[in-house]
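>
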Amino acid sequence: MKRKLVLVLAVLLCLGACTQAEDERGSAFKLQEAAGHGQEASDRAKDEILAMEEVISVRGIQYKEEMVMAMHVKQVDRFQLKDVRKKAFDRIKALYPDYTIHISTDKKIYKELEDAENKVKAGNLSEKELEKTINVIEKHSKG
């Protein structure tokens, strides 16, 4: 009996530690005027999405009036992904009504955006490559 109690307590402690670490606020990777690609709108959108209670971190880039964003959602909110995406979309659309906005919670899209952000920040993407990258990420998020 004592052994079972110790085992249950150990499991609960592990679960509690995992949840606590995840609840810490993440941050958005800011691009600002990276490589002259004008990423101010995507940076502002990241701040808006990160202000949502359900979101841990966010990645995103833009090309002209097209924006692709991906967010990492807290584990406890993953059952409401559709609602979280809609809420994030509505917040960004209110800021940029003329933009075409794509928001994902897919981890693959998040990783692709992370790589794209790093390339933009380092100045390794031309305007043409940035447009192509956004189109590829959009295609992946739809399929």
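Be aware that the sequence shown starts at 364, since it is given in the numbering used here, and climbs by one per residue.
Ideal placement from N, C-alpha and C gives every residue a C-beta, glycine not left out.
Only a predicted model underlies this, so the values are computations on that prediction, with no experimental measurement involved.
1) Which ranges would you report for the alpha helix (DSSP H) in the segment 422-474 if only whole runs of at least 4 residues count?
2) Across which residues does DSSP place V418 in a beta bridge pair?
3) Let me confirm a value: D446 is counted as buried when at least 16 other C-beta atoms fall within 10 Å, else exposed. Which label applies?
4) Assuming L493 and Y426 form a contact by the criterion Cβ under 8 Å, report the distance between their Cβ atoms to the nearest whole angstrom.
5) Could you give the residue range of the alpha helix (DSSP H) that holds S353?
6) Does the distance from the CB of I464 to the CB of S504 come in under 9 Å?
7) Between the alpha carbons of G423 and V431, how many angstroms are there, rounded?
8) Give a yes or no on whether the C-beta atoms belonging to R448 and S467 are separated by under 9 Å.
9) Assuming I455 contacts A479 under a Cβ cut-off of 8 Å, what Cβ separation, rounded to an integer in Å, is found between them?
10) From K450 to K367, what distance separates their C-alpha atoms?
11) Cα-Cα, which of P460, F452, E429, E417 is closest to V439?
12) Are E360 and D406 touching if we call contact CB-CB under 9 Å?
From the atom records:
1) 444-458
2) As a working note, residue 418 is residue 55 in the sequence shown. Paired residue(s): V436.
3) One-based indexing of the sequence shown puts residue 446 at position 83. Exposed, by the Cβ-count rule.
4) By one-based count along the sequence shown, residue 493 stands at place 130. By one-based count along the sequence shown, residue 426 stands at place 63. The Cβ separation is near 5 Å, so the contact holds.
5) Residue 353 is absent from the model: the chain starts at 364 and stops at 506.
6) As a first step, residue 464 is located in the sequence shown; it is residue number 101 there, counting from the start. As a first step, residue 504 is located in the sequence shown; it is residue number 141 there, counting from the start. No, Cβ-Cβ distance for I464 and S504 is not below 9 Å.
7) Here the question's residue 423 lines up with position 60 in the sequence shown. Here the question's residue 431 lines up with position 68 in the sequence shown. So the alpha carbons of these two residues sit roughly 5 Å apart.
8) Residue 448 sits at position 85 when you count from the first residue of the sequence shown. Residue 467 sits at position 104 when you count from the first residue of the sequence shown. Yes, the pair counts as a contact, with Cβ atoms nearer than the cut-off.
9) For the purposes of this step, residue 455 is identified with residue 92 of the sequence shown, where counting begins at 1. For the purposes of this step, residue 479 is identified with residue 116 of the sequence shown, where counting begins at 1. Actually they are not in contact, since the Cβ atoms of I455 and A479 sit about 18 Å apart, beyond 8 Å.
10) Indexing the sequence shown from 1 puts residue 450 at position 87. Indexing the sequence shown from 1 puts residue 367 at position 4. The alpha-carbon atoms of K450 and K367 are separated by roughly 43 Å.
11) Taking the sequence shown and counting its residues from 1, one reaches residue 439 at position 76. Cα-wise, what sits closest to V439 is E417.
12) Here the chain comprises residues numbered 364 to 506, so residue 360 is not present and cannot be evaluated.
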